[in-house]
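Chemist:
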Amino acid sequence: MFVMPGSAAPSTLAPLHLVLGDESFLAGRVVADVVAAARAADPECDVRELDYTQLTPGALPELFSPSLFAEARVLIARDAHTVGKDLAAALLQHATALAKDPSSGIILVVTHLGQARGKALSDGLKKAGAETTTVAKITKHREKVGFIRDEIRRAGGKASEEVASLILDAVGPDLRELASVCSQLVADTGGRVDLDAVRQYHRGRADVTGYTVADAAMIGDTAGALEALRWALAIGVDPVPIADALADGVRSVARVAGARGSGYQLASTLGMPPWKVERAQRQGRGWSPAGLATAARVAATANADVKGGADDRNYALERAVLAIVSAREVR
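The numbering of the sequence shown is UniProt numbering, which starts it at 1 and goes up by one.
This is the structure we're talking about:
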């Protein structure tokens with residue numbers, strides 16, 4: 001599973017688990033993994049979700065008592081930061097006892113935001129030795145890319161950083177959708193998830209078409225660029241991100257023009273991720289300084305046009321694509 005930096009992957013059959021953070025998808029993933037591991041060990045495992053509206057401190061001893069038939073049991077306490085003070089204290093007492101003597105076959109999984117509310121419970125669970133997994137919101141681009149690559153590995157495949165970034169551009173930041181797409185891509189490709197597979201799978205998606213247009217324009221593929229542009233506009237993509245993608249494509253190629261070295265060698269100098277440097281290097285073959293200067297002016301004009309300067313924004317984009325492709329021939 002994807003684990004935030006600084007967290008260790010949990011032992012799913014440990015008696016006590018604490019899931020800290022506000023990323024609900026990842027928290028649910030940890031819970032599901034623990035349940036799956038428990039059921040793999042004992043198919044008759046009893047799984048119970050604790051209902052705080054019905055639960056009292058006096059009901060906990062029965063829940064934490066071993067089964068007469070030695071069945072395993074998983075108790076799930078979601079959003080434990082919302083638990084009242086008395087119930088939280090009782091829950092911590094039983095959790096601490098469980099950690100000291102795990103022979104009952106009971107596993108407790110607690111999800112908690114990890115903030116000040118209910119902190120005594122989360123701190124107490126840590127002190128008791130709970131397997132702790134951090135699932136804070138993923139906000140940085142690198143973390144999102146890491147999540148995607150990990151999801152593909154989880155499904156039995158492999159993908160580069162560039163491929164993961166393209167998936168992120170195509171799908172957006174929702175982790176549930178990203179996880180589903182990664183699983184589908186691995187199933188469709190047999191695990192070899194490359195750029196062509198992602199482009200084919202997501203052809204026409206709103207977030208990817210802008211970059212598809214730019215990629216085709218920068219390598220001189222007039223038909224491909226126009227096809228992607230018209231499809232994007234037909235499904236309702238706003239012209240602004242398409243114009244932004246065109247500008248970014250020209251700008252990236254211009255930044256790597258004349259630079260020598262691999263993507264990793266130039267990444268820190270140029271302030272770009274290695275995959276983006278390497279892509280710009282490939283796209284930059286055949287471009288002259290004069291052509292890039294012309295393309296930059298075209299991209300700037302297109303941005304101004306789609307942001308209010310043109311009567312027909314779609315036509316402005318089509319004109320810009322043709323002009324950028326033509327600029328590639330300028331010497």
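Cβ atoms here follow ideal geometry from the backbone N, Cα and C, with glycine treated the same way.
Residues in its own chain within less than 8 Å of Ser65 by CB, not counting five upstream and five downstream?
Modeler: Once the five neighbours on either side are set aside, the close Cβ partners of Ser65 are Ser104.
Chemist: For Pro239, I'd like the list of residues in its chain whose CB is within less than 6 Å of its CB, leaving aside the five on either flank, ordered along the chain.
Modeler: So the qualifying residues of the chain are Val306, Arg313 and Leu317.
Chemist: What number of angstroms, rounded off, separates the C-alpha of Ala197 from the C-alpha of Ala90?
Modeler: Distance between the alpha carbons of Ala197 and Ala90 is about 53 Å.
Chemist: Using the three-state DSSP reduction, which class does Thr134 fall into: helix, strand or coil?
Modeler: DSSP places Thr134 in strand when its eight states are reduced to three.
Chemist: Below 8 Å on the Cβ atoms is my contact criterion, and I expect Thr132 with Leu226 to pass it. Report the Cβ-Cβ distance as a whole number of Å.
Modeler: 53 Å between Cβ atoms; not a contact.
Chemist: Is DSSP giving Lys158 helix, strand or coil here?
Modeler: Strand.
Chemist: Where does Val208 land, buried or exposed, given buried means 16+ other C-beta within 10 angstroms?
Modeler: At Val208 the pLDDT is 48, less than 50, meaning the model places this residue with poor confidence; the figure from the coordinates comes in the next sentence. So Val208 ends up on the buried side.
Chemist: Please state whether the Cβ-Cβ distance between Val193 and Val163 is less than 8 Å.
Modeler: Taking 8 Å as the Cβ cut-off, Val193 and Val163 qualify as a contacting pair.
Chemist: DSSP on Leu75, reduced to helix/strand/coil?
Modeler: Note: Leu75 maps to strand in three-state DSSP.
Chemist: Are the segment 180-189 and the segment 149-165 touching, with three or more C-beta to C-beta distances below 8 Å?
Modeler: Touching, per the Cβ criterion.
Chemist: At the level of alpha carbons, what is the spacing between residue 370 and Ile219?
Modeler: Residue 370 is absent from the model: the chain starts at 1 and stops at 331.
Chemist: Considering only C-alpha positions, which residue in the set Asp123, Leu175, Gly124 and Val110 is nearest to Glu143?
Modeler: Out of Asp123, Leu175, Gly124 and Val110, Leu175 has the C-alpha closest to the C-alpha of Glu143.
Chemist: Where does residue 357 sit, in a helix, a strand or coil, going by DSSP?
Modeler: The structure shown does not extend to residue 357, since the chain is modelled only from 1 to 331, so the question has no answer here.
Chemist: For the putative contact between Ser229 and Val321, defined by C-beta atoms under 8 Å, what is the C-beta separation to the nearest angstrom?
Modeler: Checking the sequence, you will find Leu at residue 229 rather than Ser. With a Cβ gap of about 6 Å, Leu229 and Val321 count as contacting.
Chemist: Using 10 angstroms around the beta-carbon of Asp123, count the other beta-carbons present and answer buried if the total reaches 16, otherwise exposed.
Modeler: Answer is exposed; the Cβ neighbour count stays below 16.
Chemist: Report yes if the C-beta distance between Ala290 and Arg255 is below 8 Å; otherwise report no.
Modeler: For Ala290 and Arg255, no; Cβs fall outside 8 Å.
Chemist: Just how far apart, CA to CA, sit Gly21 and Val30?
Modeler: So the two alpha carbons sit approximately 12 Å from each other.
Chemist: Counting along the chain, where does the beta strand (DSSP E) carrying His112 start and finish?
Modeler: His112 -> beta strand (DSSP E) spans Ile106 to His112.
Chemist: Report the partner residues of Asp46 according to the DSSP bridge assignment.
Modeler: For Asp46, which the question treats as bridged, DSSP gives the partners Arg73.
Chemist: Is it buried or exposed, Ala327, if we count other Cβ atoms within 10 angstroms and call 16 or more buried?
Modeler: By the 10 Å Cβ count, Ala327 comes out buried.
Chemist: From Val325 to Gly191, what distance separates their C-alpha atoms?
Modeler: So the alpha carbons of these two residues sit roughly 34 Å apart.
Chemist: Please report the residue range of the beta strand (DSSP E) in which Leu16 lies.
Modeler: Segment Leu16 to Leu20, the beta strand (DSSP E) holding Leu16.
Chemist: Could you have a look at Val3 and say whether DSSP puts it in helix, strand or coil?
Modeler: Residue placement at Val3 is poorly supported in this model, since its pLDDT is 47, which falls under 50; the coordinates are not used for a value here.
Chemist: Thinking just about the alpha-carbon of each residue, which of Pro241, Gly236 and Gln200 is nearest to the one in Ala214?
Modeler: Comparing Cα positions, the closest option is Pro241.
Chemist: Under a Cβ-count criterion, where at least 16 other Cβ atoms within 10 Å of its own Cβ denotes burial, should Gly249 be classed as buried or exposed?
Modeler: So Gly249 ends up on the buried side.
Chemist: Identify whether Val31 lies in helix, strand or coil by the three-state DSSP scheme.
Modeler: Val31: helix per DSSP, three-state reduction.
Chemist: Compute the distance between the beta-carbons of Ala97 and Val74, then report whether it is under 8 Å.
Modeler: No, Cβ-Cβ distance for Ala97 and Val74 is not below 8 Å.
Chemist: To the nearest angstrom, how far is it from the Cα of Thr294 to the Cα of Thr222?
Modeler: Cα to Cα, Thr294 sits roughly 17 Å from Thr222.
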